[in-house]
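Quick note, the sequence shown lines up with residues 1 to 382 if you use our numbering.
For each residue, glycine too, the CB sits at the ideal point set by N, CA and C.
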Amino acid sequence: MKITKSIPFKHGITLAVILLIGLGCVVKKDRKTTETLKEAFEGKFHIGAALSANHINNQGQASMEVLNTHFNSIVAENNMKSGMIQIREGEFNFDVADKFIEYGEANDMHIVGHTLIWHSQAPRWFFTDSDGNTVSPEVLAQRMKDHIHTVVGRYKGKVKGWDVVNEAILDDGSWRKSKFYEILGEDFMKLAFQFAHEADPEAELYYNDFSMAQPGKREGVVKMVKNLQAQGVKIDGIGMQGHIGLEHPKIQEFEKSILAYSELGVTVMITELDLSVLPSPRRDMGAEISTNIEYQQSLNPYTEGLPEDVQKQFDERYLAFFKLFLDHHDKISRVTLWGINDGDSWKNGWPVRGRTDYPLLFNRDNTPKSIVKDLIELAAKY
1 MKITKSIPFK
11 HGITLAVILL
21 IGLGCVVKKD
31 RKTTETLKEA
41 FEGKFHIGAA
51 LSANHINNQG
61 QASMEVLNTH
71 FNSIVAENNM
81 KSGMIQIREG
91 EFNFDVADKF
101 IEYGEANDMH
111 IVGHTLIWHS
121 QAPRWFFTDS
131 DGNTVSPEVL
141 AQRMKDHIHT
151 VVGRYKGKVK
161 GWDVVNEAIL
171 DDGSWRKSKF
181 YEILGEDFMK
191 LAFQFAHEAD
201 PEAELYYNDF
211 SMAQPGKREG
221 VVKMVKNLQA
231 QGVKIDGIGM
241 QGHIGLEHPK
251 IQEFEKSILA
261 YSELGVTVMI
271 TELDLSVLPS
281 PRRDMGAEIS
291 TNIEYQQSLN
301 PYTEGLPEDV
311 QKQFDERYLA
321 FFKLFLDHHD
331 KISRVTLWGI
341 NDGDSWKNGW
351 PVRGRTDYPL
361 LFNRDNTPKS
371 IVKDLIELAA
381 KY
């Protein structure tokens with residue numbers, strides 16, 4: 001008869017402890033193997049980047065390897081805007097936009113379309129007739145419909161969601177007096193969303209704007225969205241542009257806006273995220289693209305790199321914002337950086353041309369900043 005020796009009780013405890021410690025080590029090791037941003041934020045929100053025409057047309061460059069390694073969502077920085085796609089009425093140029101979509105599909109990216117209606121880069125013909133006179137509301141509405149149906153229809157089923165209207169509310173909550181507003185009034189917003197829904201009923205539809213943590217703008221956007229919802233207009237999400245600085249906006253106000261927008265029953269997205277370390281010519285000036293400040297050396301202090309104390313502020317600020325995003329990841333579907341590396345960023349030329357800024361997560365040579373590791377470790381705690 002085979003005799004099986006039992007393990008003494010105290011030895012059994014020892015063995016169990018050893019096994020638990022071993023399992024703990026395995027789990028800890030698995031966490032350490034998470035080396036990319038998209039792995040770190042998986043199950044929480046998409047992590048995205050904006051692509052310029054340079055990225056799209058030169059897909060072999062090193063920054064695209066960074067994109068594929070760390071990001072799972074893309075948006076075209078400029079090349080899907082109306083002024084780029086339809087320079088003259090009825091003449092569409094989809095060359096770069098098609099390449100952008102093809103790249104996204106080939107690399108299994110979550111694709112966002114940006115933007116269908118925006119006052120700043122709309123072609124002039126949109127608002128005038130052949131004699132240069134302002135068109136009627138009926139003509140503008142038809143032009144909007146033709147543009148949106150053509151663009152959204154072309155990429156139906158390929159684009160996950162569209163920034164339908166961009167930057168239509170001012171910081172005080174009032175409507176921007178754009179040509180769209182002057183000709184059609186508030187109805188231009190409703191029409192834009194209706195036309196986009198007609199063109200692709202399955203696509204998500206978003207409103208996108210800067211300075212979205214401003215109390216006045218928060219109230220104005222909430223009022224505008226509630227008005228759309230009351231009319232039965234489909235709107236799925238709100239994009240909070242994340243053009244932030246070392247001191248502005250206040251994180252508490254940013255959080256208030258996340259909560260206010262999510263309470264509308266829509267998803268919240270952090271869009272166009274970058275963190276400028278450079279001094280601002282004016283306090284909390286938002287991201288009005290038409291602003292242009294004369295170059296001054298005092299506004300460009302870090303041409304040879306960041307001092308240690310500024311780098312520390314940069315890291316702490318990014319960590320604080322991502323902690324906020326993670327705290328509310330049940331309300332946030334996407335966080336998108338406005339570029340891949342520092343050299344891509346529009347902040348090098350806005351609001352002062354010729355400056356050297358460091359607003360993104362990867363250096364100009366595409367190496368990750370130390371903050372990337374910190375963000376990955378932060379995400380592991382959630």
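How would you label Thr367, buried or exposed, when you count the other beta carbons within 10 angstroms and need 16 or more for buried? exposed
Nearest-angstrom Cβ-Cβ length linking Met269 and Arg355, presumed shorter than 8 Å: Not quite, the Cβ-Cβ distance comes to about 28 Å (not below 8 Å), so this is no contact.
Kindly confirm or deny that the stretch 252 to 261 and the stretch 335 to 346 touch, where touching means at least three C-beta pairs closer than 8 Å. With the cut-off at 8 Å, the stretch 252 to 261 and the stretch 335 to 346 do not touch.
Are there any heavy atoms of the ligand GTP lying less than 7 Å away from the beta-carbon of Glu35, as far as the coordinates show? Judged by which ligands are present, the structure shown has none, so any question about the ligand GTP falls away.
Just curious, the alpha helix (DSSP H) that Ser262 is in, first and last residue? Where Ser262 is concerned, the enclosing alpha helix (DSSP H) stretches over Ile251 to Ser262.
Buried or exposed: where does Ser370 fall if 16 or more other Cβ atoms within 10 Å of its Cβ makes it buried? Exposed, because fewer than 16 other Cβ atoms sit within 10 Å of the Cβ of Ser370.
Do the CB positions of Ala97 and Asn78 come within less than 8 Å of each other? no
Tyr155, enclosing beta strand (DSSP E) - first and last residue: No beta strand (DSSP E) holds Tyr155; DSSP gives it neither H nor E.
With a cut-off of 8 Å, do at least 3 Cβ pairs link the stretch 183 to 198 to the stretch 142 to 153? yes
Reducing DSSP to helix, strand and coil, say where Glu182 ends up. In the structure shown, Glu182 adopts helical secondary structure according to DSSP, grouped into three states.
Pair within 8 Å by beta-carbon distance, Ile235 and Gln241: Going by C-beta atoms, Ile235 is not nearer than 8 Å to Gln241.
Less than 8 Å between the C-beta atoms of Val152 and Asp187, yes or no? no
Note down the Cα distance separating Gly161 from Leu116, rounded to an integer number of angstroms. Roughly 11 Å separates the two Cα atoms.
Is Asp146 helix, strand or coil by DSSP? helix
C-beta atoms of Phe362 and Asn341 nearer than 8 Å: Asn341 sits close to Phe362, with the two beta carbons spaced by under 8 Å.
Give the secondary structure of His110 by DSSP, where H, G and I count as helix, E and B as strand, and everything else as coil. strand
When we look at the beta-carbon of Lys177 and count the other beta-carbons within 10 Å, is it buried (16 or more) or exposed? exposed
Check Val277 in the structure and name its three-state DSSP category. The three-state secondary structure of Val277, taken from DSSP, is coil.
Can you check DSSP and say which residues form a bridge with Ala122? DSSP, once it has assigned bridges, lists no residue as partnering Ala122.
Would you call the CB atoms of Asp274 and His243 closer than 8 Å? For Asp274 and His243, yes; Cβs fall inside 8 Å.
Which one of Leu184, Lys190 and Gly216 has the shortest CA to CA distance from Val165? Lys190
Can you have a look at Asn72 and say buried or exposed, based on whether 16 or more other CB atoms are within 10 angstroms of its CB? Buried.
Looking at the strands, I want to know which residues DSSP matches up with Tyr207. DSSP lists Val165 and Ile238 as partners of Tyr207.
Name the DSSP bridge partner or partners of Val335? Ile47 and Ile270
What's the gap between the Cα of Asp365 and the Cα of Gln252? Across the structure, Asp365 and Gln252 are spaced so that their CA atoms are roughly 34 Å apart.
Which residues mark the beginning and the end of the alpha helix (DSSP H) in which Ala213 is found? Neither: Ala213 is in no alpha helix (DSSP H) and is coded neither H nor E.
Residue closest to Val372, alpha-carbon to alpha-carbon, out of Phe314, Gly343, His328 and Phe254: Phe314
Closest by C-alpha distance to Leu264, when choosing among Arg154, Thr271, Asn227 and Glu377: Asn227
Alpha carbons only, please: which of Gly60, Val352, Gly83 and Ile183 is nearest the one belonging to Ser120? Gly83
Is the distance from the Cβ of Thr34 to the Cβ of Ile332 below 8 Å? no
Which residues in the same chain have their Cβ closer than 6 Å to the Cβ of Ala40, if we skip the five residues on either side of it in sequence? Short of 6 Å from the beta carbon of Ala40, and not among the five residues preceding or following it, lie these beta carbons of its own chain, in chain order: Thr34, Ile376 and Ala379.
Just to confirm the assignment: which complete alpha helix (DSSP H) runs, minimum length 4, are found wholly within the stretch 67 to 99? 82 to 85
On the DSSP letters alone, give me the boundaries of the alpha helix (DSSP H) that Ile56 sits inside. Ala53 to Asn57
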